[in-house]
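Before any comments, here is the structure.
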Amino acid sequence: MLDKFRQAKQKEIESLRKDFMEGRVPAVYQNGRPSFTEAIRAKGPGAVIAEFKPSSPSQGVIREHANPLDFADIYAANGAAAISVLTEHVYFGGHPDYLFMMKGPGLPLLRKDFIFDPLQVAMTASSPASAVLLIARMFASAAELKQLVDLARMPGLAPVVEIFDQADLDTARQAGADIIQVNNRDLDTLTTTLNQSRSFIRQKRDGELWISASGVSTRAQVEEMAALGFDAVLIGTSLMRADDPGRLLAELTGRL
Numbered sequence: 001m002l003d004k005f006r007q008a009k010q011k012e013i014e015s016l017r018k019d020f021m022e023g024r025v026p027a028v029y030q031n032g033r034p035s036f037t038e039a040i041r042a043k044g045p046g047a048v049i050a051e052f053k054p055s056s057p058s059q060g061v062i063r064e065h066a067n068p069l070d071f072a073d074i075y076a077a078n079g080a081a082a083i084s085v086l087t088e089h090v091y092f093g094g095h096p097d098y099l100f101m102m103k104g105p106g107l108p109l110l111r112k113d114f115i116f117d118p119l120q121v122a123m124t125a126s127s128p129a130s131a132v133l134l135i136a137r138m139f140a141s142a143a144e145l146k147q148l149v150d151l152a153r154m155p156g157l158a159p160v161v162e163i164f165d166q167a168d169l170d171t172a173r174q175a176g177a178d179i180i181q182v183n184n185r186d187l188d189t190l191t192t193t194l195n196q197s198r199s200f201i202r203q204k205r206d207g208e209l210w211i212s213a214s215g216v217s218t219r220a221q222v223e224e225m226a227a228l229g230f231d232a233v234l235i236g237t238s239l240m241r242a243d244d245p246g247r248l249l250a251e252l253t254g255r256l
């Protein structure tokens, strides 16, 4: 699955490399980034990162004609600590411009995409994003991952390193990651189980920030993940499918 996603990004990376070789280097965003870590800690444990995700490989089109501007306002008004913004186009219906469109309410934005080239990090740094997702197993070694972790931190981006198994966690730690996102989805079957988070949280270390992603859809599950030690949960599909996303988010965040 990840190989398929990697292949889909090749055209984008080739375009970025062409721009770089011709001297068109994106300037770092200068209008300030709200701290992703501080926002999570202020509302954690169990802070909700609300995701804007129009489509997915497992669900197909989740919400037609979804307006990122509307969802940014809805998420900010109903207790989200941060917003996860899908920017991958082929499989998730996202676009990098959504980062600019969703910055208005002032919540930290996590750029969620398949990032494995330094120029992708540079492009992210030219946007209002406060954090960038790096998937541990998309890198051949901890040294390669560390390069992007360090590169992200230079312009003030928080590197969120996603893991699926123990080898991923080991790689993340070797790369110096301090924000760990446990993905509850099995990449082979595309099924989810919170047992993944229940198991891995036992390895959380002092000073680390942990996020449980995929499969959380009720307030009871948010409270369970918080009690286990997760600083935040990332919720996307259930919010995007909801008839009233604002009301559902208010329930998930405990406002209702």
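So the sequence shown is numbered by UniProt numbering: it starts at 1 and just counts up by one. Note that beta-carbon positions come from the ideal geometry of N, C-alpha and C, so glycine has one too.
Closest residue to residue i among the options (Cα-Cα distance)
i: K112; options: E144, E64, S56; result: S56
i: A232; options: L249, K43, A8; result: K43
i: F230; options: I13, I179, P26; result: I179
i: residue 258; options: L194, I62, L209; result: What the structure shows of the chain is the stretch from 1 to 256, and residue 258 is not part of that stretch, so it cannot be assessed.
i: V28; options: N67, E64, K53, S130; result: S130
i: Q203; options: A167, G215, G236; result: A167
i: S84; options: N78, I74, P108; result: P108
Backbone secondary structure at residue i - three-state DSSP
i: K11; result: helix
i: N184; result: coil
i: T193; result: coil
i: L109; result: strand
i: E22; result: coil
i: V222; result: helix
Residues near residue i in its chain [Cβ-Cβ closer than 6 angstroms; skip 5 each side]
i: A213; result: Q181, N183, L234
i: T124; result: R111, V132
Contact set for residue i: own chain, Cβ-Cβ below 8 angstroms, skip 5 residues either direction
i: K146; result: Q174, A175, G176
i: L2; result: F114, I135, R137, M138, L187
Close-in-space but distant-in-sequence residues of the same chain around residue i (CB under 7 angstroms, 5 per side omitted)
i: H95; result: T87, H89
i: F100; result: S127, P128
i: D165; result: none
i: L119; result: I13, L16, R17, F20
- Message: I'd like the ranges of any alpha helix (DSSP H) spanning at least 4 consecutive residues and lying wholly in the stretch 58-94.
- Response: Secondary structure remark: continuous alpha helix (DSSP H) runs of at least 4 residues inside the stretch 58-94, in chain order: 68-77.
- Going along the chain, which unbroken runs of the alpha helix (DSSP H) with 4 or more residues stay wholly within the stretch 116-151? 118-125
- Are the stretch 32-48 and the stretch 135-145 touching, with three or more C-beta to C-beta distances below 8 angstroms? no
- the stretch 158-165 in contact with the stretch 53-67 per 3-pair CB rule at 8 angstroms: no
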